[in-house]
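Take a look at the structure set out below.
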Amino acid sequence: MPRWPWNIILLILVGVKRSLQLTIIEQTLHTRHRPPPGVRHVEVPERITAAIGALHASEFDGRVSWRQALESSHNPDAALEALKLVHSTDHLGAVQSMSKTGGGFDSDTYCAPGSWEAMVDGTRAWLEATSLARAGQGPAFALARPAGHHATHNVAMGFGLVNFAAAAVAAQLASSGPGSVKIAILDWDVHYGNGVASLFRGEPRVRYCSTHEVGGFPGSGMDEADRGPLGNTLHLPLSKGCGSEEFLGAMRDKALPFLLGGDGEALGGSTEGAAFGRPDFLLICAGYDGLEADPLATMRLSPRDFAASVRLVLDDFQYPAANVALGLEGGYDLDPDFGMPAALAETCRALLDTEA
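Residues in the sequence shown are numbered consecutively from 399, following my numbering.
Written as structure tokens, this is what we have:
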């Protein structure tokens, strides 16, 4: 077998590395979901606009493939079927009905005329991202709003009318035979994703881990010892005012061994659920409200902390970027240097392994 010169090997490896592309799927109809006239709210269409602007301004924009949710291979009927897997018929009917005139499910969770169409469209974006990751065609990022990880089987809450992440994962499970697919969900939003956790608490093909600020909304997820009946959920409450060291330590020492290591020994000697093994794809519920600039919490993270989390996934745990999907959850400071747009750009930069 001929021996290749080292410089040729290096060129080949660099070429392969640079061939990786990031697919961004934009929720086409997100502007239909907007606060009532005259009402101040942090969940606004400008969140998506700012995120897109940050990505277009980046030096890696040429390696981003842009898609619209309306062009997704998953049509509205497929999105509705996915939503039915995680929400009751009554709940979906209530969202659709309120969307005709507008209103609210609570003081935080509004519903605008046209919100239903935006929710179906957002579900299509998350379905597309997870399908790409499962097929090894990631990384892929669903830019959709509002954050949906709080929405439960029959309750809209925490800004979310429907649970995009849960619907996308449930659809992947439904298209597979028993035991034929394993999915890991990492939720790094500053708030506990109670909706996602509750919906998959009894699903052995899914592992869910949330890092979140102690005492924050919705008030649950504060017991790290509560692993659920199957040992497939992990709650990692972080101290108020937590910074990079605590956040990244929780990722490195607890969250990622649980999700990607397939080794229960990484969790204080417990072997509960250790047979899970490597997941077929990793879904990151990418909330950026843990940033120091964000108005909804007290954590002190920087945009680069999210890039560091991605590099832990790809480098320390050797998980392939091609099997990673992400979807936007929280993140309400829109400063281009310190807010959600900057953190999202850092996340994507890390996925493509390019320097700032």
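For every residue, glycine included, the Cβ atom is placed at its ideal position computed from N, Cα and C.
N- and C-terminal bounds of the beta strand (DSSP E) containing residue i
i, result
"Arg-709", "Counting along the chain, Arg-709 falls outside any beta strand (DSSP E), though it belongs to the alpha helix (DSSP H) covering 701-709."
"Thr-429", "Run containing Thr-429: none; DSSP gives neither H nor E here."
"Arg-605", "604-611"
"Leu-632", "631-636"
"Leu-681", "679-684"
"Gly-725", "722-726"
"Ala-648", "Unbroken run through Ala-648 is the alpha helix (DSSP H), 642-648; no beta strand (DSSP E)."
"Ala-582", "581-585"
Whether residue i touches residue j by CB criterion (9 Å)
i, j, result
"Thr-521", "Phe-679", "no"
"Ser-707", "Leu-658", "no"
"Pro-734", "Val-440", "no"
"Gly-729", "Asp-687", "yes"
"Glu-622", "Pro-635", "yes"
"His-551", "Leu-597", "yes"
"Gly-737", "Ala-684", "no"
"Ala-564", "Val-594", "yes"
"Ala-566", "Ala-480", "yes"
"Ser-497", "Ala-476", "no"
"Ser-463", "Gln-419", "yes"
"Ala-723", "Ala-531", "yes"
"Gly-577", "Gly-600", "no"
"Gly-591", "Glu-727", "yes"
8 Å contact criterion, which residue i and residue j should meet: CB distance rounded
i, j, result
"Ser-513", "His-431", "5 Å"
"Asn-561", "Pro-602", "Incorrect: roughly 20 Å between the Cβ atoms, too far for contact."
"Phe-539", "Leu-750", "Not a contact, Cβ separation roughly 11 Å."
"Leu-784", "Leu-710", "Limits of the chain in this structure are 399 at one end and 754 at the other, which puts residue 784 out of reach."
"Ala-741", "Phe-715", "The Cβ separation is near 21 Å, so there is no contact."
"Ile-372", "Trp-586", "The structure shown has nothing for residue 372, since the chain only spans 399 to 754."
"Asn-721", "Gly-536", "6 Å"
"Leu-559", "Met-517", "5 Å"
"Arg-698", "Glu-690", "4 Å"
"Cys-607", "Leu-628", "With a Cβ gap of about 14 Å, Cys-607 and Leu-628 do not count as contacting."
"Lys-638", "Gly-613", "7 Å"
Nearest neighbour of residue i, chosen from the options [CA to CA]
i, options, result
"Ala-695", "Pro-616, Leu-483, Asp-475 and Phe-715", "Pro-616"
"Ala-572", "Leu-525, Gly-728 and Ile-422", "Leu-525"
"Leu-427", "Gly-737, Arg-543 and Asp-714", "Arg-543"
"Ala-452", "Gln-425, Ala-743 and Ser-486", "Ala-743"
"Thr-469", "Val-493, Ile-446, Val-484 and Ile-422", "Sequence check: residue 469 is Glu here, not Thr. The residue with the shortest Cα to Cα distance from Glu-469 is Ile-422."
"Gly-611", "Val-722, Gly-593 and His-589", "The sequence shown places Glu at residue 611, not Gly. Comparing Cα positions, the closest option is His-589."
"Ala-554", "Ser-486, Pro-511, Ala-480 and Ile-450", "Ser-486"
"Lys-580", "Ala-566, Ala-684, Arg-605 and Ala-492", "Arg-605"
"Ala-533", "Asp-519, Ser-700 and Ser-574", "Ser-574"
"Ile-583", "Pro-677, Glu-690 and Ser-456", "Pro-677"
"Glu-424", "Ala-467, Ala-455 and Leu-418", "Ala-467"
"Pro-435", "Thr-499, Cys-607, Pro-627 and Gly-577", "Thr-499"
"Ser-471", "Val-437, Asp-519 and Val-493", "Asp-519"
"Thr-609", "Ala-748, Gly-626 and Met-649", "Met-649"
"Pro-474", "Ala-545, Tyr-508, Asp-624 and Ala-523", "Ala-523"
"Val-437", "Gly-460, Ala-492 and Thr-507", "Thr-507"
"Val-442", "Leu-732, Arg-465 and Phe-674", "Leu-732"
"Thr-429", "Arg-465, Cys-746 and Glu-515", "Glu-515"
"Ser-700", "Pro-718, Gly-675, Lys-652 and Pro-739", "Pro-739"
Terminal residues of the alpha helix (DSSP H) in which residue i lies
i, result
"Val-594", "592-598"
"Phe-562", "562-572"
"Ala-695", "It is not in any alpha helix (DSSP H) - Ala-695 carries neither H nor E in the DSSP assignment."
"Leu-749", "738-750"
"His-454", "444-454"
9 Å Cβ cutoff, residue i in contact with chain D
i, result
"Asp-651", "In summary, chain D is missing from the structure at hand, where a single protein chain is found."
Residue i CB to nearest heavy atom of the ligand MG below 8 Å
i, result
"Thr-521", "Within the structure as shown, the ligand MG is missing, as the structure has no ligands at all."
Can you list, in chain order, the stretches of the alpha helix (DSSP H) that have 4 or more residues and sit fully within the segment 467-552?
Fully enclosed alpha helix (DSSP H) runs of 4 or longer: 474-484, 487-496 and 513-532.
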